[in-house]
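**Q** Note that the numbering used here gives residue 21 to position 19 of the sequence shown, counting from 1, and the numbers run on in steps of one.
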Amino acid sequence: MKQQIYAASFIFLMKENKFLAMRRANTGYMDGSLSLPSGHIEVGEMPSIAAARELAEETNISVTLETLHYQHVQHYMDTER
3 MKQQIYAASF IFLMKENKFL AMRRANTGYM DGSLSLPSGH IEVGEMPSIA AARELAEETN
63 ISVTLETLHY QHVQHYMDTE R
């Protein structure tokens, strides 16, 4: 069994006790499901930079790195690819 590790940043964006969720579409992975803005971390990229980049790409919302707060790391094994 081949194991592939994917690193991704997820952004939990809150304002006035509400958080931003997006409906996945046209990705081929869990299309139709609600998700947080997220994306793979590129080789050599810091997770916070990936988070800010993905948030801007997916929502057109810009944040500064100082406003981001690290929360959690999760590992999973993808055996389907």
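Ideal placement from N, C-alpha and C gives every residue a C-beta, glycine not left out.
(1) Taking DSSP's pairing of strands, which residues face residue 41 in a bridge?
(2) Three or more beta-carbon pairs under 8 angstroms between the segment 54-62 and the segment 7-25, yes or no?
(3) Count the CB pairs spanning the segment 20-27 and the segment 38-47 that are closer than 8 angstroms, and state whether there are at least three.
(4) Suppose you measure from the CA of residue 74 to the CA of residue 52; what does that come to, to the nearest Å?
**A** This is what the structure holds:
(1) 11
(2) yes
(3) yes
(4) 15 angstroms
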